[in-house]
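Asks: Residue numbers (this note's numbering): -9 to 136.
As structure tokens, then:
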């Protein structure tokens, strides 16, 4: 089963600020896109991780999302540089495309949910962005799944 896409939900926590600071420290760049994570509901609902999607000097670290959780890709280019999000078969920029999550645009917002444990791979297929811009992401989804 493929992860599904749905409309984004916004939430904010102190953990989100800590995650953004950690990424800044890991990449050494204030211009790097940031990761934040937060719960999508106060009633113990699934976790949603929000990812600022854009070129990363050191590439993206692998993300771990709980089963039933969601990953939200967001980007806004002030220079009108487009990005997209495609799910691919393996952690290789040349891997076959499984499906397009978000089409090519200077700004975007797309969310993927993970109903099944496993590893999932995403890239930006705009020429040069995956290999040189390091826009390649591995998402690990933990068991157990209900």
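Just so it is clear, CB atoms sit at the ideal spot from N, CA and C, and this is done for glycine as well.
Bear in mind that the values here come from a model prediction, so they are computed numbers and not experimental data.
1. Which value, in whole angstroms, describes the spacing of the CA atoms of residue 82 and residue 73?
2. Quick one: using the 10 Å Cβ neighbour count with 16 as the cut-off for buried, is residue 49 buried or exposed?
3. Per DSSP, what kind of secondary structure is residue 46 in: helix, strand or coil?
4. Residue 41 by DSSP, collapsed to three states: which one?
5. Taking 8 Å as the cut-off, decide whether the C-beta atoms of residue 115 and residue 65 are in contact.
6. Does the beta-carbon distance from residue 111 to residue 85 come in below 8 Å?
7. Using only the alpha-carbon positions, how far apart do residue 45 and residue 51 sit?
8. Within 10 angstroms of the Cβ of residue 106, are there 16 or more other Cβ atoms? Answer buried if so, exposed if not.
Replies: On the basis of the data shown:
1. 17 Å
2. Classification of residue 49: exposed, given that the 10 Å Cβ count is below 16.
3. coil
4. strand
5. no
6. By the CB criterion at 8 Å, residue 111 and residue 85 fall inside the cutoff.
7. For the pair residue 45 and residue 51, the Cα-to-Cα distance works out to about 13 Å.
8. Within a 10 Å sphere around the beta-carbon of residue 106 sit fewer than 16 other beta-carbons, which makes this residue exposed.
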